[in-house]
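Chains as they are written, first to last, in the UniProt record's numbering: chain A, 1 to 233; chain B, 1 to 96. I have placed the structure first, in the form of structure tokens, so that the comments after it can refer back to it.
Next up, the structure:
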């Protein structure tokens, strides 16, 4: 399963714009660690914005990041706008106290049911746990871990958690792959290998070709000229 | 009365069957996404589910780490480019 092409484009666009804008505004006053964290936030914001309203994790990410980002940053502004649109009506499943209480009630009832079942099967001498019960406990533990690492999944349950995991893995993979390509392009730009960069840009733009064919033609021409200059240099 | 009871129990059974099937489908889809999984698993559902969940957790964590590393690398690279105006101009044209 692959992330759709328009997601990849949107993600790249958001990320590049954010990098560009943040580089201008920061002016080299950040430490490397701060810069790294900022880029990570940018990448997550870009991923969530590109995914949009369609998944719980993206809505949760947008809401979370919008609260953190200061409003001057470009991405911060975009996030706030996006956050306002999702803040109502159905918003996202997060850890509101009401939902927490609901979950605790659910867990209590589940545990009490489990205990009742154990009583029925237990022989008085052995302290063995029935394998099926153990397996269910393991599954429960693993779903809890999953809820912690997927943003906004704390209050999801059962099937919605599984489908959310599926969705998240697909888009997370796409994020990692695109960022890999980006670092490669920037890296090779350092060593002034122009061809790979040119191919990368062509690939990026070709996806928009169907809509903006004229602009692509103009761009291609200009790009060609620019590349020729660079080669001469 | 007995028919009502049996109907309700049948309904409950059928709905739980539907959900179980959905769960199995989702778990198998998840399994295809994860790297390095055996293609066929005939073990019982709960064990394979827990395995797939564990692999999913590990995979998501490794992807997070990869994104962290890539952010670090990007921050280094971007710091080293001093006014790559070529790149910026092209990007601007590309994105506007």
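Ideal placement from N, C-alpha and C gives every residue a C-beta, glycine not left out.
(message) Just to make sure I have the definition right: I need the residues of chain A whose C-beta is within less than 7 Å of the C-beta of residue 72 (chain B). Which are they?
(response) In the second chain, residue 72 (chain B) corresponds to position 72, counting from 1. The contacting residues are 36.
(request) List the residues of chain A that residue 22 (chain B) touches, going by C-beta distances under 7 Å, in chain order. (result) As a first step, residue 22 (chain B) must be located in the second chain, where it is residue number 22. Chain A residues near residue 22 (chain B): 159.
(request) May I have the straight-line CA-CA distance separating residue 55 (chain A) from residue 184 (chain A), to the nearest angstrom? (result) The residue labelled residue 55 (chain A) in the question sits at position 55 within the first chain. The residue labelled residue 184 (chain A) in the question sits at position 184 within the first chain. C-alpha of residue 55 (chain A) to C-alpha of residue 184 (chain A): approximately 30 Å in a straight line.
(request) Flag this pair as yes or no: are the beta carbons of residue 7 (chain A) and residue 46 (chain A) separated by less than 7 Å? (result) Numbered from its first residue, the first chain carries residue 7 (chain A) at position 7. Numbered from its first residue, the first chain carries residue 46 (chain A) at position 46. Against a cut-off of 7 Å, the Cβ pair of residue 46 (chain A) and residue 7 (chain A) comes out as no contact.
(request) Quick one: measure Cβ to Cβ for residue 159 (chain A) and residue 34 (chain B), integer angstroms, because I've assumed they're closer than 8 Å. (result) Locating residue 159 (chain A) in the first chain gives position 159, where the first residue counts as 1. Locating residue 34 (chain B) in the second chain gives position 34, where the first residue counts as 1. Not quite, the Cβ-Cβ distance comes to about 19 Å (not below 8 Å), so this is no contact.
(message) Taking only three categories from DSSP, how would you classify residue 49 (chain B)?
(response) Translated into positions along the second chain, residue 49 (chain B) becomes position 49. Helix.
(request) Determine the extent of the alpha helix (DSSP H) in which residue 237 (chain A) is found, giving its start and end residues. (result) Any question about residue 237 (chain A) goes unanswered here, given that chain A covers just 1 to 233.
(message) Quick check: what's the CA-CA separation for residue 74 (chain B) versus residue 186 (chain A)?
(response) Working through the second chain from its first residue, we reach residue 74 (chain B) at position 74. Working through the first chain from its first residue, we reach residue 186 (chain A) at position 186. When rounded, the separation of the alpha-carbon atoms in residue 74 (chain B) and residue 186 (chain A) is 8 Å.
(request) Measure the C-alpha to C-alpha separation of residue 175 (chain A) and residue 156 (chain A) and round it to an integer number of angstroms. (result) What you label residue 175 (chain A) is simply residue 175 of the first chain in a count that begins at 1. What you label residue 156 (chain A) is simply residue 156 of the first chain in a count that begins at 1. Computed Cα separation, rounded: 23 Å.
(message) Beta-carbon within less than 8 Å of residue 179 (chain A)'s beta-carbon, same chain only, minus the 5 sequence neighbours each way: which residues are those?
(response) As a position in the first chain, residue 179 (chain A) is number 179, starting the count at 1. So the list reads 15 and 43, once near-sequence residues are dropped.
(message) Let me make sure I understand the geometry here. Which of A:181, A:182 and A:168 has the alpha-carbon closest to that of residue 59 (chain A)?
(response) To locate residue 59 (chain A), count along the first chain from 1; it is residue 59. If we check each option's Cα against that of residue 59 (chain A), A:168 comes out closest.
(request) Name, please, each residue of chain A whose Cβ falls closer than 8 Å to the Cβ of residue 37 (chain B). (result) By one-based count along the second chain, residue 37 (chain B) stands at place 37. Contact annotation for residue 37 (chain B) against chain A: no contact, minimum CB-CB distance about 13 Å [criterion: below 8 Å].
(message) Does chain A have any CB closer than 7 Å to the CB of residue 31 (chain B)?
(response) Locating residue 31 (chain B) in the second chain gives position 31, counting from the first residue. No, residue 31 (chain B) does not count as interfacial toward chain A.
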